[in-house]
Amino acid sequence: MKNLIYGLISIGLITSGFADDIYLYKDKNGNSVYTNKPVKNAKKLNLPPLSVYSSPMSKRDYAAKGYTQAPNEDKSTKIYTKDTAPTYGNETGRQQILNEELNREKQALSDSQQALTTAKQTKLASEINQPEQYQARIQSLQDAVTEHQKNISTLSKQLGVNN
């Protein structure tokens, strides 16, 4: 309990240093200078604490000279509804993008299958004495084929097409 009290007191002392006093004085040219250091013949200003929240504007604020906008009506009486109409423009664009991606995936699948078939028929010179290297190459090509098949399946589901 004592530690808690000491902790709170120390936090209060630490943060009190952040609220410096502000002083106002006139320099030799007659300019007003604001500073946080006490200077000879300076007046200490008593300023209210800063607020990060602004108060709502009053009718008097709207009537101030130079303010041209009229006060807004009370918006609490307006009822807002969600627009439930489908956005066909976005949907057709999405369909087109998915179709293009599906065509690219089909081409990539065809290329991957052809590379796998070619790789199964030929062994590289470095793979003759190292069958695990050959298996790793074949497996990576097989993984690529499987990945393209999964992508085509997913895109077909999104498009509602059965392949």
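Those letters in the sequence shown? Residues 997 to 1159, per our numbering, in order.
Even glycine gets a Cβ: it sits at the ideal position worked out from N, Cα and C.
Please read these numbers as outputs of a predicted model, since none were measured by experiment.
Rounded separation between residue i and residue j - CA only
{"i": "Lys-1022", "j": "Ala-1059", "result": "35 Å"}
{"i": "Ser-1051", "j": "Leu-1043", "result": "18 Å"}
{"i": "Glu-1128", "j": "Val-1157", "result": "40 Å"}
{"i": "Leu-1120", "j": "Glu-1143", "result": "24 Å"}
{"i": "Arg-1056", "j": "Gly-1026", "result": "35 Å"}
{"i": "Gln-1126", "j": "Gln-1154", "result": "43 Å"}
{"i": "Thr-1118", "j": "Asn-1086", "result": "48 Å"}
{"i": "Ile-1093", "j": "Ala-1140", "result": "22 Å"}
{"i": "Ser-1136", "j": "Asn-1099", "result": "22 Å"}
{"i": "Glu-1123", "j": "Asp-1107", "result": "23 Å"}
{"i": "Val-1048", "j": "Pro-1034", "result": "27 Å"}
{"i": "Tyr-1130", "j": "Gln-1091", "result": "41 Å"}
{"i": "Ser-1054", "j": "Pro-1045", "result": "22 Å"}
{"i": "Ala-1132", "j": "Gly-1089", "result": "40 Å"}
Bridge partner(s) assigned by DSSP for residue i
{"i": "Ser-1028", "result": "Lys-1022"}
{"i": "Lys-1040", "result": "Tyr-1019"}
Rounded distance between the beta-carbons of residue j and residue i, thought under 8 Å
{"i": "Asp-1017", "j": "Asn-1032", "result": "7 Å"}
{"i": "Leu-1151", "j": "Glu-1097", "result": "6 Å"}
{"i": "Leu-1105", "j": "Ile-1134", "result": "In fact, because the Cβ distance is near 17 Å, the residues do not count as touching under 8 Å."}
{"i": "Gln-1162", "j": "Leu-1112", "result": "Past the edges of the chain, shown from 997 to 1159, lies residue 1162, and the structure says nothing about it."}
6 Å Cβ shell around residue i - same chain, five flanking residues per side excluded
{"i": "Lys-1039", "result": "Leu-1020"}
Residues of its chain near residue i, where Cβ-Cβ distance is below 7 Å and the 5 sequence neighbours each way are ignored
{"i": "Ser-1028", "result": "Leu-1020 and Lys-1022"}
{"i": "Lys-1102", "result": "Ile-1148"}
Close Cβ partners of residue i (< 8 Å) along its chain, the five nearest in sequence each way excluded
{"i": "Lys-1116", "result": "Ile-1134"}
Handout entry: Ranges of the alpha helix (DSSP H) found wholly within the region 1079-1131, counting only runs of at least 4
Key = For the alpha helix (DSSP H) assignment, the uninterrupted runs of no fewer than 4 residues enclosed by the region 1079-1131 are, from N- to C-terminal side, 1084-1117.
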